[in-house]
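Sequential numbering of the sequence shown, starting at 1, is according to our numbering. Glycine is no exception: its CB is placed at the ideal position from the N, C-alpha and C atoms. Heads up: the structure comes next, in structure tokens.
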Amino acid sequence: MSEIRRESILKCYTDINQLNDTDRLLLEEAKKAVDTSYAPYSNFHVGCALQLNNGVIVKGSNQENIAYPSGLCAERVAIFSAGANYPNEAVKIMAITVKSDKFKVIEPIMSCGACLQSMSEYEMRFKKPMRIILQGETGDIYIAEGLKNFMPFMFWTDELKG
Ligand code: THU
């Protein structure tokens, strides 16, 4: 028997002013995107802003539906919109932030597995790890260089690639 271990590294910042200009701008854009969330069922609002290789910023927010599974998370709204509108541009950075109508979110909230899987496709497709910035409504900011830090054993096999 042997063990396979993979390390995850998240850098933790206590204030938005500790971030570089681009990261700070993206987090601010993600916070603006929170206000476009349509979440009358969960009352949990998620905003996402991503920056493409060409510098363009694309935003997304969670969009819910009365038929619950028909809704979509903010990260996938943003990244699919980027893929549809800028099909040849790699995603460099994604900032994600949240706000609840019911409680104060004082810690970063990790993206769900389906979003991480969808995001991983863009890393693989463009062979470029993306920087991911997470913050709750307030509190610490986590930054990871690449999805491997969130999904160290992510689903991928070159054989399935078209
Ligand atoms: N949600 C996101 O937007 N991103 C995630 O990664 C997880 C959850 C949304 C979906 C739903 O509208 C609300 O948060 C509560 O689950």
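* CB of Glu64 within 8 Å of CB of Tyr38, strictly -> yes
* To do: Just the C-alpha distance for Gly83 and Lys92, rounded to the nearest angstrom, thanks.
  => 13 Å
* Asked: Grouping DSSP H, G and I as helix and E and B as strand, with all else coil, what is Ala84?
  -> helix
* According to the neighbour-count rule (16 or more other Cβ atoms, all chains shown, within 10 Å of its Cβ), is Ser8 buried or exposed? -> exposed
* Asked: From Ile4 to Leu10, what distance separates their C-alpha atoms?
  -> 20 Å
* In chain order, what are the residues with a CB under 7 Å from some non-hydrogen atom of the ligand THU? -> Ala39, Ser42, Phe44, Val46, Asn62, Glu64, Gly71, Cys73, Ala74, Glu75, Ser111, Cys112, Cys115
* Please classify Tyr41: is it buried, with 16 or more other beta-carbons within 10 angstroms of its beta-carbon, or exposed? => exposed
* **Assigned exposure category for Asp35 - 16 Cβ within 10 Å defines buried** => exposed
* Figure out for me which residue from Asn62, Tyr122, Ser100 has the closest Cα to the Cα of Ala90. => Tyr122
* Which partner residues does Val58 have in the DSSP bridge list? -> Leu50
* Asked: Under the rule that 16 or more other beta-carbon atoms within 10 Å means buried, what is Ser111, buried or exposed?
  -> buried
* Rounded to whole angstroms, what's the CA-CA distance from Ala49 to Met1? Just pull it up for me. => 43 Å
* Asked: Does the distance from the CB of Val98 to the CB of Ile109 come in under 8 Å?
  -> yes
* **Where Ala67 falls, given that 16 or more other Cβ within 10 Å makes a residue buried** => exposed
* Take Tyr142 as the anchor and find which of Ile133, Asn149, Asn20 has the nearest alpha-carbon. => Ile133
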